[in-house]
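**Student:** Take a look at the following structure, please.
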Amino acid sequence: MLVLRLQLALCLVMSTLGIAATSEPLQQQTDIRLWQDLPSETLIEINSHLNDRQRFAWYADPALDVASFPGHSLELHGETLAAALDAYCAKAGLEWVHGERVVWIYQPADDERLSKLASQLRSKEANQRIAARNALLNNPSPNSLSIAFQALGDEDADIANEALSGLHDFLHSSPEWGPSMQTAMTLFGDPDWPRNAIHPFLRYHMDIMAPWAALQIVAQDKAVAAAIATAVERHQDSIGDHLVLGMAAACARLPDTAQQALAPWFDIGGGWQQRYITGRAHAALDFAGAVERPKFTQLKQAVEAALNKISSDDRRERRDGHSELSDVLSSLAHRGDDQARDLILSLAMDKDQPGGVRQAALEALQALPHTNMIEPLIALHKSLDTDSDLDRPILDVLRQIDDPQAIKYTTPALAKTIQGQIASLADIGDSRNHERRRRDIRSWLEDIASKRGVLPIAVFAPLLLSDQTPQELRREMCNLLRNHRHPSMVEPLVQVYQHDEWPDVRRAAALALGQSRIPAAMETLREALADRRSPSARQAAVQAVARARDSESFSTLVTMIDQSTSNDERVFLIQHLGVIRHPDSADYLVNILSDDNRSHLDRQAAASALSLVPTTLAREALVAIVKGDHDLTLQRQTMNALSPRSHADVPIFAPILIEIMASRPQDELLRMVVDSLVRCMVGLAAGHPLKEQIEQDMLALIADAEVSNNARRGALEAFQYSDQPAAVADRLEVIQAQERNPIMRRFIARAAEELRIREP
1 MLVLRLQLAL CLVMSTLGIA ATSEPLQQQT DIRLWQDLPS ETLIEINSHL NDRQRFAWYA
61 DPALDVASFP GHSLELHGET LAAALDAYCA KAGLEWVHGE RVVWIYQPAD DERLSKLASQ
121 LRSKEANQRI AARNALLNNP SPNSLSIAFQ ALGDEDADIA NEALSGLHDF LHSSPEWGPS
181 MQTAMTLFGD PDWPRNAIHP FLRYHMDIMA PWAALQIVAQ DKAVAAAIAT AVERHQDSIG
241 DHLVLGMAAA CARLPDTAQQ ALAPWFDIGG GWQQRYITGR AHAALDFAGA VERPKFTQLK
301 QAVEAALNKI SSDDRRERRD GHSELSDVLS SLAHRGDDQA RDLILSLAMD KDQPGGVRQA
361 ALEALQALPH TNMIEPLIAL HKSLDTDSDL DRPILDVLRQ IDDPQAIKYT TPALAKTIQG
421 QIASLADIGD SRNHERRRRD IRSWLEDIAS KRGVLPIAVF APLLLSDQTP QELRREMCNL
481 LRNHRHPSMV EPLVQVYQHD EWPDVRRAAA LALGQSRIPA AMETLREALA DRRSPSARQA
541 AVQAVARARD SESFSTLVTM IDQSTSNDER VFLIQHLGVI RHPDSADYLV NILSDDNRSH
601 LDRQAAASAL SLVPTTLARE ALVAIVKGDH DLTLQRQTMN ALSPRSHADV PIFAPILIEI
661 MASRPQDELL RMVVDSLVRC MVGLAAGHPL KEQIEQDMLA LIADAEVSNN ARRGALEAFQ
721 YSDQPAAVAD RLEVIQAQER NPIMRRFIAR AAEELRIREP
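Each residue of the sequence shown is one higher than the last, beginning at 1 in the working numbering.
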């Protein structure tokens, strides 16, 4: 099976040797799964494993199956990724380009503007160069990055240094790329999550960010690669420059240049930070092809040398031996061939070897799953004593092998072992050790659930239905099954949903059933909507069908709202009508929002729900509430509903917010409008008409003496995101000269000064 290794700081470092080592049937399957032919649900699969900070700009909630970009959305129905990207970008006015297992989606740049910036980048004035560099990198496209990074090789040292500073900023600004409008996604060919291209990032909590993907794509341009090589030759002294240029050279696949740039890192000692950066540097060299692969005979000799140290009487030498053995086993696994696999397996099977050696060998074998290992590993597992330390490592190897024999043996064995681990919790009196064991069990369950197919469900089923399994672990297992859509999961989850004594566990089971969208699961949830015996189970069913956007449940939810006598229940149901996004949701919610006879709670819930319904009718109803003579609490709730929560909201909400600001609502609401428009400025690209409109309206607001100073000060915040600092500064100075309030004059003057600093 294809083994991909995504190393630390680079989006794309992977084991190319693993390809040649796969068995023939699996290799054929891998060849077929070219990234262009992967189903579009791959987007969902990627994002379902990332936290909010790491998540790409793709909005890929597995329950909704929708990817969105500002103002546009694309339903995913299993078409190929290439077709999905083509349709998506055509609809959103975007473009995309791919590198090696990487796709970068970007906003197309204006060629005339790029030409002007290219000339400005070589200006004699430092401010002009900086402004041009920032403009090129802040709105990146392949052409803009190519212009900026070709300047690395410019004969003028000042120009080259500005470009190098830009490269530093570009790569180090990656945390801001996660939610940005430009995004990249790393694709994988192996459907088994632990061995795909992203998993190592998650294991080490690394960022998967667009700058590295963008640089990898742009660095394939020969002119950019040549400029990077020139920059490495020039910068012999700065360690910081060496690191970033070495990474760039690795992206350009320049092995000698990367070696030259990164060599100093291996000569510096001390501290975990230095070791961490050295690890990144080594990964970059590996990616660039600068690391020479050791021969099998050399690795075998290294294993023997490490084993000799481990058998030593000297404690320090034994420790060094274990460390060296771990490294050489990793190198053998990286080779991925039959010789390497056989050597590692022989260590695992050798009963004369210490337990630590055998465990290390079994851990290395997880990266080399092969059917040839099934029978010897099963025989070894059967021969183990009770509570052997090799129990779990053997099962971890076997569960990586996609073979009926391995699955049949591993499933009950895993369940039994985990049940034993859970039972042992009762014997641990120390709270710290007790919690450590719980964490270990949870971590193992997560690892098991990361593999698709029947195995994790078969392992979890008896644990879910056992009274011996702690409540939080049952809930955790239900949550882990949310991303599985296998028919075998329905029966155990239905049992949990209907019979578990804990409401939070029942809710987790319901959400997993809804997210699967399996017909039998949805039928169970629809029936549960009518069951009034358990309010918590009914509430969980509402959440599940709403998140699954189950259109057949819409009429039932409306009936439940109309018949409900509980304020809390009614508010809960109304809010979920927005989540379900049924075509008739907007009409029903607008009626509630506009009905003065409805309770404030109902109307506030309707306002919140309407913000999730992307229709003109919904937006117009929300604007009417803010601009009209209504309850202030309701208006606040409505304004919160209109506040952009992501860049995708900006083109939708900005025109509405501009309209509301022009009506000059009362001060508190006006300040909320201003703050929301400032957030819109962050999400709009340079030169966007909406961005220019917001700037002009903010200037008019600041000049309006009838507006409160609170709102006017808030409006000044917008200009830190202006693309026209000189023009805005000129306008602010005129406004300042006419301003009578001394406090506001100081605020306006300070804003103008900050813009002058940014002025080209």
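All C-beta atoms, glycine included, are put in the ideal place defined by N, C-alpha and C. Being a predicted model, the structure only gives us computed values, none of them experimental.
Rounded to whole angstroms, what's the CA-CA distance from Asp697 to Ser553? Just pull it up for me.
**Tutor:** Straight-line Cα distance between these residues: approximately 44 angstroms.
**Student:** Going by DSSP, which residues form a beta bridge with Tyr106?
**Tutor:** The partner list for Tyr106 (beta bridge, DSSP) reads Glu95.
**Student:** Report yes if the CB atom of Met681 is closer than 7 angstroms to the CB atom of Val673, and no otherwise.
**Tutor:** In this structure, Val673 does not lie closer than 7 angstroms to Met681 by Cβ.
**Student:** If we count the other Cβ atoms within 10 Å of its Cβ and call it buried at 16 or more, is Thr633 buried or exposed?
**Tutor:** Under this definition Thr633 is an exposed residue.
**Student:** Ile757: buried (16+ other C-beta within 10 angstroms of its C-beta) or exposed?
**Tutor:** Exposed, by the Cβ-count rule.
**Student:** In whole angstroms, give me the CA-to-CA distance for Leu493 and Cys478.
**Tutor:** Roughly 7 angstroms separates the two Cα atoms.
**Student:** Hey, out of Asp550, His168, Gln298, Glu125, whose CA is closest to Asp156's CA?
**Tutor:** Out of Asp550, His168, Gln298, Glu125, Glu125 has the C-alpha closest to the C-alpha of Asp156.
**Student:** Can you tell me which of the three DSSP states Thr80 falls into?
**Tutor:** Thr80: strand per DSSP, three-state reduction.
**Student:** Please classify Asn597: does DSSP put it in a helix, a strand, or coil?
**Tutor:** Reduced to three states, the DSSP call for Asn597 is coil.
**Student:** Go through its chain and collect everything with a Cβ distance to Leu573's Cβ below 8 angstroms, but skip five positions before and after it.
**Tutor:** Excluding positions up to five away in sequence, the list reads Val542, Leu557, Met560, Ile561, Ser564.
**Student:** Since I believe Val505 is in contact with Arg547 (beta carbons under 8 angstroms), could you give me their beta-carbon distance rounded to a whole number of angstroms?
**Tutor:** Incorrect: roughly 18 angstroms between the Cβ atoms, too far for contact.
**Student:** How long is the line joining the alpha carbons of Asp110 and Leu701, rounded to whole angstroms?
**Tutor:** Straight-line Cα distance between these residues: approximately 31 angstroms.
**Student:** Do Leu377 and Leu398 have their C-beta atoms closer together than 7 angstroms?
**Tutor:** Their beta carbons are under 7 angstroms apart, which means Leu377 touches Leu398 by this criterion.
**Student:** For Asp338, which option in Glu363, Ala367, Gly356 has the closest C-alpha, if you only look at C-alpha atoms?
**Tutor:** Comparing Cα-Cα distances from Asp338 to each of Glu363, Ala367, Gly356, the minimum goes to Ala367.
**Student:** Are the beta-carbon atoms of Leu254 and Leu285 separated by less than 7 angstroms?
**Tutor:** It is not a contact, given that the beta carbons lie outside the stated cut-off.
**Student:** May I have the straight-line CA-CA distance separating Gln720 from Gly578, to the nearest angstrom?
**Tutor:** So the two alpha carbons sit approximately 35 angstroms from each other.
**Student:** Using 10 angstroms around the beta-carbon of Gly429, count the other beta-carbons present and answer buried if the total reaches 16, otherwise exposed.
**Tutor:** When all chains shown are included, Gly429 counts as exposed.
**Student:** Might you give, ordered along the chain, the residues of its own chain that have their beta carbon closer than 6 angstroms to the beta carbon of Gln736, omitting 5 neighbours on each side?
**Tutor:** Cβ neighbours of Gln736 beyond the five flanking positions: Arg745, Ile748, Ala749.
**Student:** Go ahead and pull the three-state DSSP assignment for Leu202.
**Tutor:** Its pLDDT being 35, under 50, Leu202 is placed unreliably by the model, and the measurement read from it follows with that caveat. DSSP places Leu202 in helix when its eight states are reduced to three.
**Student:** Please list the terminal residues of the continuous alpha helix (DSSP H) segment that includes His576.
**Tutor:** Where His576 is concerned, the enclosing alpha helix (DSSP H) stretches over 567-580.
**Student:** Give the DSSP-derived three-state secondary structure of Ala428 in the structure shown.
**Tutor:** According to the sequence provided, residue 428 is Ile. The question's Ala does not apply to it. In the structure shown, Ile428 sits in coil (DSSP, three-state: anything other than H, G, I, E or B).
**Student:** Where do the N-terminal and C-terminal ends of the alpha helix (DSSP H) with Thr524 fall, by residue?
**Tutor:** First-last of the alpha helix (DSSP H) with Thr524: 519-529.
**Student:** Where does His370 land, buried or exposed, given buried means 16+ other C-beta within 10 angstroms?
**Tutor:** With 16 or more other Cβ atoms within 10 Å, it is buried.
**Student:** Is it buried or exposed, Leu610, if we count other Cβ atoms within 10 angstroms and call 16 or more buried?
**Tutor:** Answer is buried; the Cβ neighbour count reaches 16.
**Student:** Over the uninterrupted alpha helix (DSSP H) stretch that includes Lys691, give me the two end residues.
**Tutor:** Per DSSP, Lys691 belongs to the alpha helix (DSSP H) from 689-703.
**Student:** According to the neighbour-count rule (16 or more other Cβ atoms, all chains shown, within 10 Å of its Cβ), is Asn597 buried or exposed?
**Tutor:** Exposed is the call here.
**Student:** Report, in whole angstroms, the separation of the C-beta atoms of Ser585 and Val613, which I expect to be a contact under 8 angstroms.
**Tutor:** Right, the Cβ-Cβ distance comes to about 5 angstroms (below 8 angstroms), so this counts as a contact.
**Student:** If we ignore side chains and look at the alpha-carbon of each, how far apart do Ile656 and Arg619 end up?
**Tutor:** Taking the straight line from one Cα to the other gives about 8 angstroms.
**Student:** Buried or exposed: Gln766, going by 16 or more other Cβ atoms within 10 Å of its Cβ?
**Tutor:** Given that the chain is displayed from residue 1 to residue 760, the structure contains no residue 766 and the question cannot be resolved.
**Student:** Please name the residue in Asp440, Arg485, Ile652 whose C-alpha comes closest to that of Ile422.
**Tutor:** Cα-wise, what sits closest to Ile422 is Asp440.
**Student:** Going by C-alpha distance, which of Gly420, Val590, Leu307 is nearest Thr616?
**Tutor:** For the residues Gly420, Val590, Leu307, the minimum Cα distance to Thr616 belongs to Val590.
**Student:** Relative to the C-alpha of Leu716, which candidate in Ala752, Val734, Gln693 has its C-alpha closest?
**Tutor:** Comparing Cα-Cα distances from Leu716 to each of Ala752, Val734, Gln693, the minimum goes to Ala752.
**Student:** Would DSSP call Ile159 helix, strand or coil?
**Tutor:** Three-state DSSP puts Ile159 in a helix.
**Student:** Going by the CB atoms, is the gap between Thr410 and Leu395 shorter than 7 angstroms?
**Tutor:** Result yes, Cβ atoms of Leu395 and Thr410 sit closer than 7 angstroms.
**Student:** CA-CA distance, Pro462 and Arg526?
**Tutor:** If you take the alpha carbons of Pro462 and Arg526, they lie about 26 angstroms apart.
**Student:** Secondary structure at Arg195, three-state DSSP: helix, strand or coil?
**Tutor:** Because Arg195 sits at a pLDDT of 39, beneath the cut-off of 50, its placement in the model cannot be relied upon, and the point is left open.
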